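Numbering (my numbering), first residue to last: 1 to 225.
Every residue, glycine too, gets a C-beta built ideally from N, C-alpha and C.
Bear in mind that the values here come from a model prediction, so they are computed numbers and not experimental data.
Following this line, the structure appears as C-alpha cells:
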C-alpha cells in the first residue's frame with residue numbers, strides 16, 4: 001500500500017467548520033455502490049470538537065487504500081476514537097425497486113437514525129451545531145439528512161478524517177455481512193470478491209445463474225457477454 005502524503009486524511013476541512021463555532025461533524029461514506037451482489041452500506045462517523053481530535057488512529061485512510069487485514073486491524077481504534085458511529089444498509093430488493101441513489105439515501109437515513117437515538121445527543125446537535133461532510137460530487141442524502149446541513153466533497157474519504165473513519169467502518173461491517181452471505185451462497189466466491197464483479201464471480205454467474213442476493217438489473221450486460 002502506498003503511503004503518499006496526498007493519500008493521508010487530515011482535519012483541515014473539518015477545522016474550517018469548527019472555526020465558525022460548529023461543534024459536531026458527521027462524516028458519511030458509502031460502500032458497495034458498484035457491487036453486483038449484496039446490499040449497499042452507508043457509514044456515519046461523529047466528531048465532537050469538545051474532545052481531543054488530534055491523535056486519530058494510526059494507519060487511517062480511505063478504506064479503498066487499505067488491505068482487508070489493515071481495515072480489520074484498525075477497526076477497534078477507529079470505532080472507539082469517534083464520538084459515535086453507525087452503519088445503515090439498503091437491501092438488494094430496495095436497490096432493484098428504488099434505484100441505487102434512493103437506496104443510498106435510505107441507507108444513510110438508517111445510519112443517522114441509529115447514530116442519533118440518544119435524545120441528549122440530538123439536543124446537543126441542535127443547540128451546538130453540526131455539519132455533515134458527504135463523500136461525493138452531489139448530496140444523495142437529500143431530504144433524509146434530518147435537517148442537518150450537508151456539504152458534498154469529492155475525495156472526502158481520502159482527505160477528511162471524519163469521512164475516512166466512516167469509510168473504514170462501513171467497509172468492515174459490509175464485508176463481514178458479505179462473509180455471512182458467502183456461507184449461504186459459497187459458489188460465487190463472495191468471501192473474496194465481496195459482491196463485486198471479479199472474473200471468477202462473472203464465470204460463476206454464467207455457469208449457474210444469479211442468486212437472490214444478486215442485483216438482477218445490473219447483470220444484463222455481464223450475462224450477455
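Of the listed residues the options, nearest to residue i (C-alpha basis)
i	options	result
residue 25	178, 124, 36 and 138	124
residue 13	68, 83 and 154	154
residue 150	72, 215 and 108	108
residue 161	57, 101 and 40	57
residue 213	207, 183, 200 and 72	183
Residue i to residue j span [Cα, whole Å]
i	j	result
residue 110	residue 221	31 Å
residue 38	residue 53	34 Å
residue 202	residue 186	14 Å
residue 129	residue 103	27 Å
residue 173	residue 127	31 Å
residue 198	residue 175	15 Å
residue 99	residue 46	27 Å
residue 10	residue 27	13 Å
residue 88	residue 31	10 Å
Classification of residue i by the beta-carbon crowding that lies within 10 angstroms, buried from 16 upward
i	result
residue 15	exposed
residue 137	exposed
residue 122	exposed
residue 171	buried
residue 225	exposed
residue 131	buried
residue 133	buried
residue 67	exposed
residue 143	exposed
residue 21	exposed
residue 82	buried
residue 43	buried
residue 115	buried
residue 179	exposed
residue 223	exposed
residue 147	exposed
Other residues of its chain near residue i: CB distance less than 7 Å, five sequence neighbours each side excluded
i	result
residue 70	59
residue 18	49
residue 145	132
Contacting residues, own chain, Cβ-Cβ under 8 Å from residue i (five flanking each side not counted)
i	result
residue 219	36, 205 and 210
residue 79	85 and 169
residue 215	35, 36, 37, 92, 95 and 96
Close-in-space but distant-in-sequence residues of the same chain around residue i (CB under 6 Å, 5 per side omitted)
i	result
residue 139	150 and 152
residue 167	29, 62, 63 and 157
residue 190	178, 181 and 182
Contact test: residue i Cβ vs the ligand COA heavy atom, cutoff 7 Å
i	result
residue 90	This structure lacks the ligand COA; in fact it carries no ligand of any kind.
Quiz item: Going along the chain, which unbroken runs of the alpha helix (DSSP H) with 4 or more residues stay wholly within the segment 180 to 213?
Solution: 190 to 193 and 199 to 208
Exercise. Only counting runs of 3 or more residues, tell me where the beta strand (DSSP E) segments fall wholly within the segment 99 to 178, in order along the chain.
Key: 130 to 135 and 150 to 153
Practice problem: Could I get the ranges of all uninterrupted alpha helix (DSSP H) runs contained in the segment 4 to 36, with 4 residues as the minimum, in chain order? | Solution: 12 to 18
Quiz prompt | Secondary structure, beta strand (DSSP E): runs of 3+ residues fully inside the segment 34 to 84 | solution = 40 to 48
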